[in-house]
Structures are given as structure tokens and as C-alpha cells.
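**Student:**
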Amino acid sequence: MPSPQRSIHVMAAVITDARGRVLLARRDGTSDLAGLWEFPGGKLEPGETPEQALVRELQEELDITVEVGPPLMQVPQQYPDKRLRLDVRRVTAWQGKPRGHEGQALTWVAPEKLARYSMPPADLPVVAALQQPDRYLVTPEPSGDDDAWLETLEQAAATGIRRVHLRAPGLAETDPERWRRLVRRAVERLRGAETEVLVGADIALARELGVGVHLRAMQLAGLATRPLPEGSPVAASCHTADELRAAQALGCDFAVVGAIRATATHPEARPLGWAGFEALREIAALPLYAIGGLAPADIDEARTHGAQGIAAIRALWM
1 MPSPQRSIHV
11 MAAVITDARG
21 RVLLARRDGT
31 SDLAGLWEFP
41 GGKLEPGETP
51 EQALVRELQE
61 ELDITVEVGP
71 PLMQVPQQYP
81 DKRLRLDVRR
91 VTAWQGKPRG
101 HEGQALTWVA
111 PEKLARYSMP
121 PADLPVVAAL
131 QQPDRYLVTP
141 EPSGDDDAWL
151 ETLEQAAATG
161 IRRVHLRAPG
171 LAETDPERWR
181 RLVRRAVERL
191 RGAETEVLVG
201 ADIALARELG
211 VGVHLRAMQL
221 AGLATRPLPE
231 GSPVAASCHT
241 ADELRAAQAL
251 GCDFAVVGAI
261 RATATHPEAR
271 PLGWAGFEAL
281 REIAALPLYA
291 IGGLAPADID
301 EARTHGAQGI
311 AAIRALWM
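Heads up: the sequence shown begins at 1 in UniProt numbering, then just goes up one per residue.
1) From the DSSP output, read off the bridge partner residues of Arg6.
2) Quick check: what's the CA-CA separation for Asp175 versus Pro142?
3) Take the Cβ of His305 as the centre, count every other Cβ of all protein chains shown within 10 Å, and call the residue buried at 16 or more, exposed below.
4) DSSP three-state call for Met73: helix, strand or coil?
5) Using alpha carbons as the reference points, say which of Glu177, Gly222, Glu208 lies closest to Glu188.
6) Who are the near neighbours of Leu36 in its chain, counting only those whose CB is closer than 6 Å to its CB and skipping five residues on each side?
7) From the DSSP output, in three-state form, read off Lys43 for me.
8) Pick helix, strand or coil for Glu243, following the three-state DSSP scheme.
9) Give me the Cα-Cα distance between Gln5 and Arg85, rounded to the nearest whole angstrom.
10) Below 6 Å CB to CB, which residues in the same chain sit around Met1 once its five sequence neighbours on both sides are set aside?
11) Along the chain, where does the beta strand (DSSP E) containing Ala157 start, and where does it finish?
12) Please report the distance separating the alpha-carbon of Pro111 from that of Met318.
13) Are Val127 and Ala13 closer than 9 Å when you measure CB to CB?
14) Going by DSSP, name the residue or residues bridged to Phe254.
15) Tell me the residue span of the alpha helix (DSSP H) that contains Arg303.
16) Closer than 6 Å by C-beta to Leu130: which residues in its own chain qualify, once you throw out the five before and the five after it? Chain order, please.
17) Quick check on Asp300: buried or exposed, where buried means 16 or more other Cβ atoms within 10 Å of its Cβ?
18) Considering only residues of the same chain and omitting the five flanking positions on each side of residue 364, which have a CB-CB separation below 6 Å?
19) Quick one: complete alpha helix (DSSP H) runs, 4+ long, within the region 87-134?
20) Between Pro229 and Gln132, which are expected to be in contact by the criterion C-beta below 8 Å, what is the C-beta distance as a whole number of angstroms?
21) Along the chain, where does the alpha helix (DSSP H) containing Gly273 start, and where does it finish?
22) Enumerate in chain order the residues of its own chain whose CB-to-CB distance from Glu67 is below 8 Å, with the five nearest sequence positions on each side excluded.
23) Evaluate Ala259 with the Cβ neighbour count: other Cβ atoms within 10 Å of its Cβ, from every protein chain shown; 16 or more gives buried, anything less gives exposed.
24) Could you tell me how far apart the beta carbons of Met11 and Arg303 are, in whole angstroms, since I believe they sit closer than 8 Å?
25) Go ahead and pull the three-state DSSP assignment for Glu141.
26) Mapping DSSP to helix, strand and coil, what is Trp37?
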């Protein structure tokens with residue numbers, strides 16, 4: 001009988017300087033994942049609170065005294081020999097000059113350049129959390145008034161939605177020409193907004209319009225290579241471990257996982273719950289949005305389970 005895997009609770013800090021740059025530390029040559037860059041921190045010891053552990057680790061590693069701020073996220077991750085929970089906190093203030101007290105290299109990195117650094121799998125969702133939106137709007141089926149649908153979409157972008165999935169499978173099947181016209185109008189309306197657009201399932205239309213594509217789970221098996229070039233986002237809906245592995249192997253930029261709770265749109269679906277979500281989070285380094293009965297008020301909880309944020313229709317469609 002195989003011995004049970006170790007479970008390790010690791011604290012990590014997001015430390016920023018006056019220029020908004022983030023501090024990374026390089027793992028030394030004798031440690032696991034040697035040579036990779038990571039957010040500084042270390043293991044929670046018995047009897048310590050998470051805050052105490054992070055203060056101690058940063059004093060020992062970087063020779064600084066910190067004030068621990070609010071949680072950013074927790075990332076459960078499965079490694080060959082252990083199960084790790086990376087508990088990431090923001091540092092709101094610190095005293096001293098960071099230096100590699102244990103000989104490790106340090107560097108300050110602009111947030112938009114973090115992806116250039118090779119990191120352990122558990123750190124990658126943290127990079128996404130610092131760079132990408134925590135809300136992903138999924139559009140509802142249009143009613144008979146396309147103009148009103150477009151106006152609501154514009155209002156969502158104006159109120160802070162930075163990523164949207166243009167999705168209407170019913171209309172796309174019954175009146176594909178109307179749906180394509182509506183998508184073109186939507187993309188044109190959002191050109192000036194800071195909102196990333198992904199078209200549901202239609203790779204050819206996404207290429208034509210120069211936007212991203214959100215793949216159905218069933219499409220993953222039929223694709224051998226990433227369907228769009230780098231710079232055009234590719235996402236996928238995933239419900240199982242095999243689908244999530246396929247999305248990661250394909251080079252998807254993020255995935256949507258659910259349903260977390262029972263929903264009116266999919267009453268027959270058995271909810272994953274947060275435990276099910278975490279089980280999938282453990283096997284992938286992709287940013288994952290949780291979907292299914294969730295609203296903006298659930299974002300903080302979603303982050304404690306390793307989510308980038310939430311995806312939703314009703315809760316984000318105002």
C-alpha cells in the first residue's frame with residue numbers, strides 16, 4: 001500500500017515597491033524546483049498562525065519586517081510527492097531592504113512582465129490573479145431586441161467588466177446569421193473599451209474578428225494545436241480532470257470550471273461544490289474561473305479555493 005502523501009501549507013507574499021513592481025526570489029540549487037522564481041515565503045510551522053509564519057519567513061529569508069495584509073488567494077496543487085496549499089497574502093508595509101539572507105537571488109518585476117519568469121505550477125495562478133480580471137461575463141441568449149442586448153453589454157463594460165464570453169448557443173443554432181451579425185456589432189461596440197472579448201465555440205469567426213475563442217469541452221478532443229495565435233485568448237469550459245488536462249495541453253490561457261452550485265440554466269447538472277473545484281485546481285496551473293450559481297460576493301471565497309474569480313451570466317448581466 002502506498003504511503004500517504006505529505007500535505008504542506010506554504011505561505012507566500014506579494015510585496016510591491018513604490019513603482020508597483022513585485023518581488024520575486026529564485027530557488028537555490030539544493031531545493032525542490034531549483035532555479036525557478038517564486039513569491040517569497042515558506043512553510044507554516046506547528047503552532048503558528050499564517051500571519052506569524054509569513055512574518056517569520058520574510059524576516060529569515062529577506063531580512064525585512066512586514067505587515068501582512070489581506071489574502072490574495074490560496075492555491076491547492078498536487079505534486080508527485082506531496083500536496084501543497086500555497087496561501088498568498090499581500091504585504092501592506094515593510095521595513096528594511098530586501099536581500100537574499102540565505103543567498104538566493106532577488107528581482108523586482110513589473111506585474112505585466114511576471115509571465116516571463118519560470119515559476120513552480122502553484123505560483124502561476126497567482127501571477128494570473130495579479131494580471132487578469134476576477135469576473136468573466138457570459139452573455140445570455142438575446143431576446144427579440146438586439147439593440148437592448150448590445151446596450152446592456154456596453155453598460156457591463158462601462159461598469160468594469162474586463163473579460164466577456166459572447167455566447168448564445170440557442171440563437172447560434174436557430175439563426176446563425178443573426179448571431180454572427182450580433183457578434184460583429186458587439187465586437188465593434190467594445191473596440192474602445194478595455195474589455196477582452198471571446199466568441200463562444202466559433203473559431204473561424206474569432207479569427208475573422210481578431211478576438212478570442214471560448215471552446216466547448218467537446219471541442220478539445222478534436223484540436224491538435226492551439227486554434228488561435230498567441231495574443232488572441234483561448235479558453236475552455238471544463239468539467240472533468242481529462243478535459244482540464246486537454247485544455248492545458250492545448251495551450252488554453254484559462255478555463256471555466258463548474259457548476260459549483262445548482263443553477264436554473266443547468267438544473268440537471270450535479271454541482272461540483274468547492275471540494276470538487278479544488279480537486280481539479282490541484283492538477284492544473286491554468287487560471288480557473290468558477291461558475292454556477294455565483295456572484296461577485298463569492299469572489300473572495302472562490303479565491304480561497306484557487307479560483308481566478310467567477311464567471312456568471314445573471315449576476316454580471318445588469
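The beta-carbon is built from N, C-alpha and C at its ideal position, and this holds for glycine as well.
Model, not experiment: these values are computed from the prediction.
**Tutor:** In brief:
1) The sequence position of residue 6 within the sequence shown is 6, counting from 1. Answer is Lys82.
2) Residue 175 sits at position 175 when you count from the first residue of the sequence shown. Residue 142 sits at position 142 when you count from the first residue of the sequence shown. If I take the Cα positions, the gap works out to 12 Å.
3) Along the sequence shown, one-based indexing puts residue 305 at 305. Burial call: buried.
4) As a working mapping, residue 73 is identified with position 73 in the sequence shown. Note: Met73 maps to strand in three-state DSSP.
5) For the purposes of this step, residue 188 is taken as residue 188 along the sequence shown, with counting starting at 1. It is Glu208 whose Cα lies nearest to the Cα of Glu188.
6) On the sequence shown, position 36 is the one that residue 36 refers to. Excluding positions up to five away in sequence, the list reads Arg27, Ser118, Met119, Pro120.
7) Within the sequence shown, numbered from 1, the residue matching residue 43 stands at position 43. Three-state DSSP puts Lys43 in a strand.
8) One-based indexing of the sequence shown puts residue 243 at position 243. Of the three classes helix, strand and coil, the one that applies to Glu243 here is helix, per DSSP.
9) Walking along the sequence shown from the start, residue 5 turns up at place 5. Walking along the sequence shown from the start, residue 85 turns up at place 85. Roughly 13 Å between the two C-alpha positions.
10) What you label residue 1 is simply residue 1 of the sequence shown in a count that begins at 1. Caution is warranted here: a pLDDT of 45 is assigned to Met1, below 50, making its placement in the model unreliable, and the coordinate value is therefore given only provisionally. There are no such residues.
11) Residue numbering aside, residue 157 sits at position 157 when the sequence shown is read from its first letter. Counting along the chain, Ala157 falls outside any beta strand (DSSP E), though it belongs to the alpha helix (DSSP H) covering 146-158.
12) Position 111 of the sequence shown, counted from the start, is the residue given in the question as residue 111. Position 318 of the sequence shown, counted from the start, is the residue given in the question as residue 318. Rounded to whole angstroms, Pro111 to Met318 spans 31 Å at the Cα level.
13) Counted from its first residue, the sequence shown places residue 127 at position 127. Counted from its first residue, the sequence shown places residue 13 at position 13. Going by C-beta atoms, Val127 is not nearer than 9 Å to Ala13.
14) The residue labelled residue 254 in the question sits at position 254 within the sequence shown. Its beta-bridge partners are Ala235.
15) Here residue 303 refers to the residue found at position 303 of the sequence shown. Element bounds for Arg303: 299-304.
16) Along the sequence shown, one-based indexing puts residue 130 at 130. Excluding residues within five positions, the ones whose Cβ falls inside 6 Å are Pro111.
17) To locate residue 300, count along the sequence shown from 1; it is residue 300. Classification of Asp300: exposed, given that the 10 Å Cβ count is below 16.
18) Not covered by the structure: residue 364. The range shown for the chain is 1 to 318.
19) 124-131
20) By 1-based counting over the sequence shown, the position of residue 229 is 229. By 1-based counting over the sequence shown, the position of residue 132 is 132. Not a contact, Cβ separation roughly 19 Å.
21) Numbered from its first residue, the sequence shown carries residue 273 at position 273. Per DSSP, Gly273 belongs to the alpha helix (DSSP H) from 273-281.
22) Stepping through the sequence shown from its first residue, residue 67 is reached at position 67. Around Glu67: Val91, Thr92, Ala93, Trp94.
23) One-based indexing of the sequence shown puts residue 259 at position 259. Burial call: buried.
24) Here residue 11 is taken as the residue at index 11 of the sequence shown, counted from 1. Here residue 303 is taken as the residue at index 303 of the sequence shown, counted from 1. Rounded, the Cβ-Cβ distance is 15 Å, inconsistent with contact.
25) Position 141 of the sequence shown, counted from the first residue, corresponds to residue 141. Glu141: coil per DSSP, three-state reduction.
26) Along the sequence shown, read from residue 1 onward, the residue named residue 37 stands at position 37. Strand at Trp37.
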